[in-house]
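Those protein sequences? They're chains A and B, same order as listed. Under our numbering, the first residue of the first sequence is numbered 919, with each subsequent residue one higher. Under our numbering, the first residue of the second sequence is numbered 686, with each subsequent residue one higher. C-beta: ideal position from N, C-alpha, C; glycine also. Note that the structure is predicted; figures quoted are calculated from it, not measured.
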Amino acid sequence: FSAKPKLDAAAIDQVEEVLFTSDIGVKASERLLGALNRRVAAGEATADEVWPILREEARSILAAHHRPLVVGEGVTVILVVGVNGAGKTTTIGKLAARFKAAGRRPMVIAGDTFRAGAVGQLEEWAKRVGCPIHQGAEGADPASVVFSGLKAATEAGADLILVDTAGRLQTKAPLMDELRKIAKVCDRAIAGAPHETVLVLDANTGQNAIQQAKLFSEVAPLTGLVLTKLDGTAKGGAVLGIADEVKVPIYFIGIGEAVEDLRAFEVSEFVEALF
Amino acid sequence: AVRKGFKNAVHVFEGKRELTEENIEEALKAIRLSLFEADVNFQVVKRFLAAVKEKALGEIVQIRIKDGGKTLRASPGDVFIKICHDELEALMGPVDTGLTFVQGRLGPTVIMMVGLQGAGKTTTAGKLARFVERHHQKKPLLVAADVYRPAAIEQLQVLGKRLNIPVYAEPGGNPPDIAERAVAQAKADGNDVVIIDTAGRLAVDDLLMSELEEIVARVKPHNILLVVDAMIGQDAVNTAKEFNDRIELDGFIMTKLDGDARGGAALSIKEVTKKPIKFIGLGEGMETLQEFQPAGFADRILG
Ligand SMILES: Nc1nc2c(ncn2[C@@H]2O[C@H](COP(=O)(O)OP(=O)(O)OP(=O)(O)O)[C@@H](O)[C@H]2O)c(=O)[nH]1
Ligand SMILES: Nc1nc2c(ncn2[C@@H]2O[C@H](COP(=O)(O)OP(=O)(O)OP(=O)(O)O)[C@@H](O)[C@H]2O)c(=O)[nH]1
Ligand SMILES: [Mg+2]
Ligand SMILES: [Mg+2]
């Protein structure tokens, strides 16, 4: 490199390789490169400032919507959604433990009435955490289990209710309709619920993450994300593409399979690890 | 929006009467974007584009030699599309969906499912058991060797019950022992195929990868299949390479292709390991396993 008015093709290719292999994607990479080129053209940047500038731009994309999950004083219902295998049930276990340690009275609702062993899995987590669980009959309608669970929660004095749902691919209309119904039923059971709708996203996910965020938000407006499996080698760069589309914060990251493997999302820390 | 890439590429040739270096370059740019949106690995995209460019330029030369510079009989767009499809199919390799089965005293045939957390191993183990039963007239035994994940054993047992296929389990047991004892039980009970479901694990988790190596050492699987989620991004190559380096894979199963993930990782994992994709998962039900067909997949990746 040298302080040219614009990055040359070879330099752009080098930058793109790093950005694309972090799953940052075409559109978000264009935005980062655009910011870089503007700085270079304005004579504000030299060769060795490429990466700090790109990181700064990535930080600003994420900072725009960043805020921690703040749970109010009263009853809070958190609806947890996402595609199959993302880490919803495990994340609910971790969140229940975190809220219990913070002095709340959590409860979990086994809204996945479909998958083999789903209720048993959440039961195991509830046992580990030491919190009540509400479940329905096998194959019961998920919305009715959620409704009765929310009614039972208020009676049981639970003030932090985590609703587990079955994994579903966003292209499956009947399953997305079911989710829309579950969200509505939350409000019928407890006015204003769900107070949070969290999309759980696997950090290994490529560009499909953007479609996931968009379509899930259409049936159950998202308030935040949890990015799981960041203890692996995948960078989770797809969230840069999501940020502009769905404009919600990343509340937590999952960094393992144990109950304590949940951390509040930190913008700078994440971007430093990204590229 | 994701489908624009390939259409843009073909659009370059509309109204054009011949392939030129310029329109080839322009079309390749559009393809490049489409492939990245499909999660194909960066280096694999580079190699693919280079191969297509070479073939397309070669086509120009061919035409000039054959027809003395007259126009193509097929439209340049069609010629270009065909080159892309052929190159992509070539990269995805020949059809190789066979499983290794052993007979009689060499048996039972052992199949081991491995992969990252949540990829679909347990569900696919059930599907595969049903598949070998129906398509290969086998008498499979499912083995619940995931002792870590809450209710993993229960999950496989529920699937086994639905399929009327036995499940070997030892809650709290040690996976290599479980696998070995399961094979012994299969021999005793006349099961000719043993399908081992293992716990999801990171390729970089040395302890758990050693556990896999131990299972392999004990029961010498005839088929080791890496289960990969269709929505996996660029890191697929690292995962595939690491699993393949530690325990020699026989092939892949790509799951969740019933969604709209393009599945470009399929190209990358084949390229980096040279191992074939044997099956694809198209749903959560036990009947949703299919043998992999490169031709249809090329369309999906190109978009
Ligand atoms: N390494 C790692 N594994 C995780 C993390 N979060 C979840 N997992 C694992 O991912 C797998 C899937 O997790 P689940 O909680 O069952 O995912 P889910 O979204 O509820 O899955 P479905 O209900 O089937 O859609 C399990 O093996 C978890 O232990 C994480 O942060 N890191
Ligand atoms: N739509 C769809 N869902 C699938 C497919 N294969 C598996 N699933 C779902 O993906 C989720 C994860 O599947 P599992 O079989 O639990 O995955 P796993 O690899 O065994 O997970 P771990 O044991 O935690 O590593 C479940 O909700 C399955 O029903 C598929 O081909 N299509
Ligand atoms: Mg779950
Ligand atoms: Mg499993």
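Per-residue contacts from residue i into chain B (C-beta, under 7 Å)
| i | result |
| --- | --- |
| E1042 (chain A) | P835, A836 |
| E1136 (chain A) | Within chain B, no residue comes near E1136 (chain A); the closest Cβ sits about 14 Å away, beyond 7 Å. |
| T939 (chain A) | F727, Q919 |
| A1034 (chain A) | Q840, V843, L844 |
| G1038 (chain A) | A836, E839 |
Interface partners of residue i on chain A, CB under 8 Å
| i | result |
| --- | --- |
| V889 (chain B) | G1150, T1151 |
| Q674 (chain B) | Past the edges of chain B, shown from 686 to 988, lies residue 674 (chain B), and the structure says nothing about it. |
| G805 (chain B) | N1002, G1003 |
| G875 (chain B) | Simply none; closest approach about 26 Å. |
| D984 (chain B) | Within 8 Å Cβ-Cβ: nothing; D984 (chain B) doesn't reach chain A, min ~17 Å. |
Neighbouring residues, chain A, relative to residue i (Cβ below 7 Å)
| i | result |
| --- | --- |
| N923 (chain B) | T1151 |
| D943 (chain B) | L1087 |
| A946 (chain B) | N1126 |
Cβ shell of residue i (< 6 Å), same chain only, five flanking positions each side left out
| i | result |
| --- | --- |
| R1086 (chain A) | L1093 |
| F1188 (chain A) | none |
| P851 (chain B) | L826 |
| P1024 (chain A) | A1014, F1017, K1018, C1049, L1078 |
| N908 (chain B) | L784, T785, I796, D935 |
| N1002 (chain A) | G1085 |
| E956 (chain B) | V729 |
| G762 (chain B) | V695, F698 |
| T807 (chain B) | Q840, L841, D882 |
| K740 (chain B) | I768 |
Proximity test, residue i beta-carbon vs ligand 2 heavy atom, cut-off 7 Å
| i | result |
| --- | --- |
| A884 (chain B) | yes |
| L1117 (chain A) | no |
| T889 (chain A) | Residue 889 (chain A) falls outside the range modelled here, since chain A spans only 919 to 1193, and no answer is possible. |
| G1172 (chain A) | no |
Interface residues of chain A facing residue i [CB-CB closer than 9 Å]
| i | result |
| --- | --- |
| V901 (chain B) | Going along chain A, no residue has its Cβ under 9 Å from V901 (chain B), so there is no contact; the nearest lies around 22 Å. |
| D882 (chain B) | Result: empty, since nearest Cβ-Cβ is about 12 Å, beyond 9 Å. |
Beta-carbon neighbours of residue i, restricted to chain B and to distances below 9 Å
| i | result |
| --- | --- |
| D1162 (chain A) | Result: empty, since nearest Cβ-Cβ is about 14 Å, beyond 9 Å. |
| A912 (chain A) | This structure cannot settle anything about residue 912 (chain A), because the visible part of chain A is limited to 919 through 1193. |
Residue i - partner residues in DSSP beta bridges
| i | result |
| --- | --- |
| E1052 (chain A) | One point to set straight first is that residue 1052 (chain A) is His, not Glu, in the sequence displayed. H1052 (chain A) pairs with A:I1027. |
| L980 (chain A) | L980 (chain A) pairs with nothing; no bridge assigned. |
| V737 (chain B) | None; V737 (chain B) has no bridge partner. |
| Q975 (chain B) | B:I965 |
| D1082 (chain A) | A:V998, A:A1028 |
| Y853 (chain B) | B:V828 |
| R1098 (chain A) | Note: R1098 (chain A) sits in no beta bridge, so no partner. |
| L892 (chain B) | According to DSSP, which records beta bridges pairwise, L892 (chain B) is partnered with nothing at all. |
Distance cut-off 7 Å: residue i Cβ against heavy atoms of ligand 4
| i | result |
| --- | --- |
| T809 (chain B) | no |
| D890 (chain B) | no |
| A1058 (chain A) | no |
| D658 (chain B) | Here chain B covers residues 686 to 988 and nothing more, so residue 658 (chain B) does not appear. |
| D862 (chain B) | no |
| K806 (chain B) | yes |
Contact test: residue i Cβ vs ligand 1 heavy atom, cutoff 7 Å
| i | result |
| --- | --- |
| A1004 (chain A) | yes |
| E1175 (chain A) | yes |
| D1030 (chain A) | yes |
| D1149 (chain A) | yes |
Spatial neighbours of residue i in its chain, beta-carbon cut-off 8 Å, leaving aside the 5 residues before and after
| i | result |
| --- | --- |
| D1059 (chain A) | T1031 |
| G992 (chain A) | D1077 |
| A874 (chain B) | Looking at the sequence shown, residue 874 (chain B) is not Ala but Asp. The residues are L826, P851. |
| N726 (chain B) | Q919, A921, V922, G949, A950, L952, S953, E956, V957 |
Own chain residues within Cβ distance below 7 Å of residue i, not counting five before or after
| i | result |
| --- | --- |
| V904 (chain B) | V795, A864, E865, V868 |
| Q975 (chain B) | F964, I965, L967 |
| N693 (chain B) | A715 |
| I1209 (chain A) | Outside the modelled stretch of chain A, which goes from 919 to 1193, sits residue 1209 (chain A), for which no answer is possible. |
| E899 (chain B) | P861 |
| V828 (chain B) | Y853, I863, A864, A867, V879, I880, I881, D882 |
| K1132 (chain A) | E1163, V1164 |
| P1139 (chain A) | T1115 |
| Q1039 (chain A) | T1007 |
Check: residue i C-beta below 7 Å from any heavy atom of ligand 3
| i | result |
| --- | --- |
| G1085 (chain A) | yes |
| A1182 (chain A) | no |
| T1007 (chain A) | yes |
Neighbouring residues, chain B, relative to residue i (Cβ below 8 Å)
| i | result |
| --- | --- |
| R1053 (chain A) | For the record, residue 1053 (chain A) in the displayed sequence is Gln; it is not Arg. Per Cβ cutoff of 8 Å: no residues; Q1053 (chain A) is ~13 Å from chain B at best. |
Inset, instruction - Residues of the stretch 1116 to 1130 of chain A with a CB closer than 7 Å to any CB of chain B: list them in chain order, please. - result: D1120, N1122, T1123, G1124, Q1125, N1126, Q1129
Inset, instruction - Report the residues of the stretch 700 to 733 of chain B with a CB closer than 7 Å to any CB of chain A, ordered along the chain. - result: L718, F721, E722, D724, F727
Inset, instruction - Scan the stretch 949 to 968 of chain B for residues whose Cβ lies nearer than 8 Å to a Cβ of chain A and list them as they occur along the chain. - result: G949, A950
Legend entry - Against chain A: residues of the stretch 775 to 800 of chain B by CB proximity under 7 Å: none
Legend entry - Residues in the stretch 840 to 861 of chain B having any Cβ partner in chain A nearer than 7 Å: Q840, V843, L844
Inset, instruction - May I ask you to list, following chain order, the residues of the stretch 943 to 967 of chain A that have a beta carbon less than 8 Å from some beta carbon of chain B? - result: G943, V944
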